[in-house]
Each structure stands twice: as structure tokens, then as C-alpha cells.
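Just so you know, the sequences run in chain order A and B.
Under this note's numbering, the first sequence has 259 at position 259, and the numbering climbs by one with no breaks.
Each number in this note's numbering corresponds to the 1-based position in the second sequence with 1000 added.
The structure under discussion appears below in the form of C-alpha cells.
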Amino acid sequence: MTIIVIYIKRGHMNTLVIENLHAGIEGKEILKGVSLNLGEGEVVALMGPNGNGKSTLGNVLMGDPRYEISEGTIVFDGKDLLSLPAYERARLGLFMAFQYPVELPGIRVSQFLFRIAELRRNPPSGYAAFYRELKEYLEILHMDSAFLDRSVNEGFSGGEKKRLEILQLLVIQPRCAIFDEVDSGLDVDALRLVAQGINRLRGSHFSALIITHYRRLLDLVPVDRVYIMEQGRITRSGDFSLVEALEREGFGALKEQETPALQA
Amino acid sequence: MQYETLKEIGQGYAERFGFSMPERSVFTTGKGLTEETVRAISASKNEPDWMLTFRLKALEYFQSKPLPAWGPDLSAINFDEITYYTKPTETPGTSWEELPPEIKETYDRLGLPEAEQKWLAGVGAQYDSEMVYHNIREDLKKRGVIFTDVETAVKEHPELVQRYFATVVPPNDNKFAALNSAVWSGGSFVYVPPGVQLEIPLQAYFRVNTQSFGQFERTLIIADEGSFVHYIEGCTAPVFSKDSLHAAVVEIIALKGARIRYSTVQNWSTNMYNLVTKRAVVYDGGLMEWVDGNIGSKVTMKYPAIFLKGPGARGEVLSIAFAGTGQHQDTGAKIIHLADNTSSVVTSKSISRGGGISSYRGLVMAKPGLKNIKTKVECDALILDGNSVSNTYPRIDIRSTGATIEHEARVSRISEDQLFYLMSRGIDEKEAAAMIVNGFVAPLVKELPMEYAVELNRLIELEMEGSVG
Chain A
1 MTIIVIYIKR GHMNTLVIEN LHAGIEGKEI LKGVSLNLGE GEVVALMGPN GNGKSTLGNV
61 LMGDPRYEIS EGTIVFDGKD LLSLPAYERA RLGLFMAFQY PVELPGIRVS QFLFRIAELR
121 RNPPSGYAAF YRELKEYLEI LHMDSAFLDR SVNEGFSGGE KKRLEILQLL VIQPRCAIFD
181 EVDSGLDVDA LRLVAQGINR LRGSHFSALI ITHYRRLLDL VPVDRVYIME QGRITRSGDF
241 SLVEALEREG FGALKEQETP ALQA
Chain B
1001 MQYETLKEIG QGYAERFGFS MPERSVFTTG KGLTEETVRA ISASKNEPDW MLTFRLKALE
1061 YFQSKPLPAW GPDLSAINFD EITYYTKPTE TPGTSWEELP PEIKETYDRL GLPEAEQKWL
1121 AGVGAQYDSE MVYHNIREDL KKRGVIFTDV ETAVKEHPEL VQRYFATVVP PNDNKFAALN
1181 SAVWSGGSFV YVPPGVQLEI PLQAYFRVNT QSFGQFERTL IIADEGSFVH YIEGCTAPVF
1241 SKDSLHAAVV EIIALKGARI RYSTVQNWST NMYNLVTKRA VVYDGGLMEW VDGNIGSKVT
1301 MKYPAIFLKG PGARGEVLSI AFAGTGQHQD TGAKIIHLAD NTSSVVTSKS ISRGGGISSY
1361 RGLVMAKPGL KNIKTKVECD ALILDGNSVS NTYPRIDIRS TGATIEHEAR VSRISEDQLF
1421 YLMSRGIDEK EAAAMIVNGF VAPLVKELPM EYAVELNRLI ELEMEGSVG
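Here it is as C-alpha cells:
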């Protein structure tokens, strides 16, 4: 009986368990044995130098079919993710905000958002109900409703694309979200809006993996833990003080590849 | 609109359009084409002599012209196996109730009476060789709008018919225009008096029911000065193992300041050779718009043409083609600038999948020395898999100074990034591909009447079945 009590206690149940994950693309191994846990309700940062596999991990978690998985397991809410296509992972409650959201000419934002709302775990009762909900999210993100008539991401500025990612996050309300450098290329105001969107979902039923280079997003979105990924492996983990240490010392023995100014 | 239609995936062409009724005819010429066939058709229609003479001359042209040496392979058409004329009923009706039950049932299943009630100013329905139904709203009739079958027009409006018939597409224009001219039957005759604007469209629906059949309707539309009409045509046929032939001729005359929009959603079954000649002449300040959607058929050759005859005349062709397995859509546009200050726009989008071939074949030319000619040609092709083909044969021949000429052509594929992005939102691969394809054609689909836009989107969903994954 005690076991049952432990299981329902917040923080003890893992939403996402990655064990010894090896994955690559076109024959080149990028992830070389990644192990990482994400507890229910936890918000975790994944940091590390460019080209060390952070985005690959995001894409592999979401189910990009172009990656080959050679070893390891990913368990999401007790289910084996690796056997499922991306859309089934999404329907289980996994979400990813893309680093480079793709343009979808001719697909209207409003249609697209309604369709993905229909596919979420608690679909809206109809378009009218959905639209009321949507208006609230648009306000949070300071987005004009004229957005809804545009084609998804087509001709969007970098900031607009990222805000549309967060809008989708709010619409879908996933159990677990991966943010792949959602802060890159954003000015301070846009960054604040993105952080507001993420924070709105915080709670015992939402966990997040925030892939980022710098602390400025983490100052706005407090994290429970920080993982450092180097050369395809998790090399360190700790609390927020690790971020501060990184700021002072850089990524371990590796030199930081880019200066913050260049990244921004 | 799009997401509504997405739910209906799974109801295929065969059930919705590909059904057939028992063959019926009160008169048929049987298989094959000779002078006797032509005489029999003419006699059955009780035509004036000039029309018989016209037909017989056209038959000579047809028999003497070879098949086109370019474009899709037409060598499999067996002209001796085709039935050129089948009259399904004695007299056309102006109410659906008058029609023989199997014909009425056909149109009920296709939803035509309902569409007429809801959103059309007039409807014509052709069944095999004859227009079996024609009706136009009483108020439009009172304003002098004529909407009838061509046979009736020959008898009741001989002055208009003789003045314009075959002036836009002469019988010796090409082999299939010649064939049509020899054996034509049915089609619409439309006359819109000066200044009359039809806010809601007229529609003709062409249905082939008989196997190994040739449908040869002929449509003639005259928009008098300052008038406007939107004419829509749709077509479907049963799915048969043997091929059929549809060789229509459409002639359009837009007089000074008139505007005509002609929208087609061609959805023949994939045993149909669809070889159609469509042409418009536009006088001073007039506007002709062809909106041409080609979804069905085995082979389509169709290049809606516009002759810009008067100063300030404008022409626009919007073309959407979808070539699936076993289909060859060879479509495009032909624009001839014959006066100063004329402008034209050609926008073509095609999708090829499952080994289908779609080709854009276009010609824009201007009489040398004209002033202020503007033209813009844009063709986009989407290829969905490695077996499918897209060809572009654009020709622009404008020899004048100060002309504005724009031309763009693009070929693209559905990107894996796009599919992954949509799938990461819970959309399965098939639906994701359909959404991308619908998005690709969306700018043109929105130009179609709404009911047809829904239909076209739906057809794309259906066509996309099994095309990925």
C-alpha cells in the first residue's frame, strides 16, 4: 500500500524517463547514451554548447523519423515512446516548440489551431467555444487576431514564429513540452511574453524540458533542475547554481563556441 | 471548411460519383462514326440545312486531321468503339419531376436540385447526349437573359446563333474541335443583355452514363455590353473499364465592358479522355476569367484561351490540376493580345502523385507593335513522390516595346520538415500531407464557388488516400 501512496505523491512519478539513448542521423551518432528523468510537474533546463546533441534529443523525443535510434529507451507516462509515430506521441500529451518553425503556405492559422485543438486530450465543444479560449491566449501573447487569417509561419518574423509556437502550446495544453531554443532571436519583450506563456501552464500536471544556451529565459522561467549536455551525453546536473557557475566558467573544459552577443 | 471536410475521408469516387444507371435511350446512333451518323444526329434534331452542312464539313476536317503530335498519348482511343450520340429522353424538362426516374435519381444523388434551390440562378443538366433539364429564375428570364440548350437556341434565336456560332472556335481549329463540330449535341446557350449583372451563378452539369460513350456538348456564351455572368460547369461519370471520350467546345464572347467568369470543376472518372477546346474573345474593356479545376479523367488536354481583341481588355486564367495514378493532366492557357493596353494573368498550380503526370502548357503572345501590354504567368507544381512527373512548357512571345512581362515557375515537394511539424501537433501523416496539398492550392480554391471549393478539398483528401506512408 505504501507504494501506491508514493506513486501519487507529486514529484515522485516520472513523466519522462530516458535511458542510455543512442541516436543519430545518416549514420552519424549524435546522442551517445543519454539518460535523463523528468518528474511530473518538473521544469528542467538542458544546456550545453552548440552541436552537442540538445536539439537532436528534442527531435528524437518528438519522433522525427529521420533520426535512427540504435539503443536505449524513452518512456513517457509509462508508455514506450520509441515505437510510436510523432502524432501519437503528441496525442499522448507531448509537445515541442521548434527552434525553426516551418512555413505552411495556404494553411490558415485559425484552421490549424482549431484542428490541433480537436486532436488534444480534451477537445473544444465547437469553434465558438474554441474561439473564446483562443482570444484569451492571443491577449496573453499580445497577438492581434489578424494573425489568425495568415498562413502558418509564412512570412512571420522570428518573434512571431516563436509566439505562434507558444500559442500552440496554450491551445494544446500538453502534459510535457520540449522548448528547443525558443528564446533564440527574441527581444526582451518577446522573451517575456514567451516566458509568460510557459509559466501559465506550470503546475503539477505539466512538465517541461527547456533547451537553451543562456540564462535569460531561465531568469523568467524558474527551473527545478539543470542538465548539461556535452558530446552527446549528460555530463552534469544540478540546481540553478549550475547555470550561474556556467556563466562564470563556461562549459567545463570546452570553450564556449559563441559569445552571447553573437548568439543574440 | 477544410477541417470539416477532413472528417469525410473514406467515401470514394466510386460510391459518390462513379455509380451508373441502366442505359436508356429513345434513340442512338450506335457505335462508330460515318457520314450517316452525322446525318442521323442532325435529322434527330430537326436542324436547319446550314447546320447539317456545317457538321458534314467538320467531319471531313476530323477525318483528315491526324492526332496531335505533341502532348499525351491518344493512340489508345478507339474511335470505332465509341457511341457518338444517345438521346436519353424525348423532351427536355423544366422541372426535375418530369425527368425519367433513373435520370432524376442520378441528379438527386449528385445534389443538383438542392444546389439549384440554394445558390444558383439557373441550372442545365446534360445526360449523355442531351440537355435533359434547363431552368432559369423567372426574374432573370424577364430581364432578357437566355439560358437554354444550343438546339433550342438554333431554333428560337437563330440570329444570335448564326452570328456567333463557330466564330471563336472554327471547326478546323484542331482534330477534336472538328469532331465536336461534326457530332455536337447539347451544351448551354447563354445570352446576357446589355448592363444585366447576374449576382448568382448559372450552372451546367454534364453527366455521362453510357459505357464507351462520347459526349460532345457545345457551349456558347454571349455577354452583351457591360453585363456580368458567372457560369459554372461540373462533370462526373461512372467508373467503367472501357474508355469514354469527352470533346467539348466552349465559345465565349465578352462584348465591350462585359465580364464573364467561367468556372469548371472537371471530375470525370479515370476512364475518360477529356479533350476540350475553350476559347473566349474579349472586346474593349471587357474581362474574361477562366477558373479551371481538373481533378478527374484519364487524359485531359485543355488550354483555355483568351483573345484580347479590344483596347483595355483583360484576361485571367486560374488553373488547378491534380494528376493521380494513371492520370495525365495536360492543361494550361493561351492568351493572345490583339489590342493596346491589354493585360493578362495566368496562374497555374498542379499536383502530381502516384505516377501521375501534370503538365503546364502555356502560350502568351501579342501582335507586334502593340502598346502597354502586361502579362504575368506563374506556375507552381507540387510533386508528391518519386514516380510522379511535372512538366512545364511555357511560351511567351511578345515583341513590343514597353511591355511588362513576368514569369515564374516553381516545382516543389512536400518537405519532411512540414510533415514532422504537423505530426508533432497530433495530425497523422495522411492528414498532414492533405493539409499541405490543400494549402498549396488554397489561393486558387478560394476562387471557386464555395460548394465546389469544399468538393475540391474533399477530393484532394480522397486522392491523398494511400499516397504517403
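C-beta: ideal position from N, C-alpha, C; glycine also.
Kindly say whether residue i, judged by its beta-carbon, lies nearer than 7 Å to any beta-carbon of chain A.
i, result
"phenylalanine 1440(B)", "yes"
"aspartate 1417(B)", "yes"
"methionine 1435(B)", "yes"
Using a Cβ cut-off of 7 Å (strictly closer), state whether residue i contacts chain B.
i, result
"leucine 86(A)", "Per the sequence shown, residue 86(A) should be read as alanine rather than leucine. Yes, contact with chain B."
"isoleucine 107(A)", "yes"
"leucine 61(A)", "no"
"valine 171(A)", "no"
"arginine 91(A)", "yes"
"leucine 201(A)", "no"
"leucine 82(A)", "no"
"valine 102(A)", "yes"
"isoleucine 116(A)", "yes"
"methionine 119(A)", "Per the sequence shown, the amino acid found at residue 119(A) is leucine instead of methionine. So, interface residue."
"aspartate 77(A)", "no"
"methionine 96(A)", "yes"
"aspartate 144(A)", "no"
"aspartate 64(A)", "yes"
Per DSSP, which one or two residues make a beta bridge with residue i?
i, result
"phenylalanine 1228(B)", "Gln1197(B), Arg1259(B)"
"alanine 146(A)", "Paired residue(s): none; alanine 146(A) is not in a bridge."
"arginine 1207(B)", "Tyr1127(B), Thr1236(B)"
"isoleucine 1306(B)", "Ala1280(B), Ile1335(B)"
"serine 1412(B)", "Leu1382(B)"
"valine 1364(B)", "Ile1335(B), Ile1396(B)"
"threonine 1034(B)", "DSSP output for threonine 1034(B) lists no bridge partner at all."
Under three-state DSSP, which class holds residue i?
i, result
"serine 157(A)", "coil"
"glycine 197(A)", "helix"
"serine 1269(B)", "coil"
"tryptophan 1290(B)", "strand"
"arginine 66(A)", "coil"
"glutamine 1418(B)", "helix"
"arginine 202(A)", "coil"
"glutamate 1090(B)", "coil"
"leucine 84(A)", "coil"
"methionine 266(A)", "Here chain A comprises residues numbered 1 to 264, so residue 266(A) is not present and cannot be evaluated."
"phenylalanine 1019(B)", "coil"
"asparagine 1078(B)", "coil"
"lysine 32(A)", "strand"
"proline 1443(B)", "helix"
"asparagine 1438(B)", "helix"
"alanine 1403(B)", "coil"
"alanine 128(A)", "helix"
"arginine 192(A)", "helix"
"arginine 121(A)", "coil"
"proline 1158(B)", "helix"
"tyrosine 1085(B)", "coil"
"tyrosine 227(A)", "strand"
For the ligand ATP, is there any heavy atom lying closer than 6 Å to the beta carbon of residue i?
i, result
"glutamate 40(A)", "Annotation note on the ligand ATP: not contained in the displayed structure, which lists no ligands."
Interface positions of the region 1421-1433 of chain B facing chain A (Cβ-Cβ less than 9 Å), listed along the chain: Tyr1421, Leu1422, Met1423, Ser1424, Arg1425, Gly1426, Ile1427, Asp1428, Glu1429, Glu1431, Ala1432
At least 3 beta-carbon pairs within less than 8 Å: the region 1303-1315 of chain B vs the region 1170-1180 of chain B: no
Three-pair Cβ contact test at 8 Å for the region 1330-1338 of chain B versus the region 1351-1363 of chain B: yes
Three or more C-beta pairs below 8 Å linking the region 1177-1191 of chain B and the region 1129-1147 of chain B: yes
Contact list for the region 173-200 of chain A against chain B, Cβ threshold 8 Å: none
At least 3 beta-carbon pairs within less than 8 Å: the region 44-53 of chain A vs the region 1384-1394 of chain B: no
Residues of the region 229-240 of chain A whose Cβ lies closer than 8 Å to any Cβ of chain B, in chain order: none
Cβ pair count under 8 Å reaching 3, the region 126-143 of chain A against the region 160-168 of chain A: yes
Validate contact between the region 1078-1097 of chain B and the region 1192-1201 of chain B using beta carbons, cut 8 Å, 3 pairs: no
Meets three-Cβ-pair contact criterion under 8 Å: the region 232-249 of chain A and the region 29-41 of chain A: yes
contact_flag[the region 1265-1276 of chain B, the region 1233-1247 of chain B] where n(CB pairs < 8 Å) is 3 or more: yes
Three or more C-beta pairs below 8 Å linking the region 1225-1233 of chain B and the region 1196-1215 of chain B: yes
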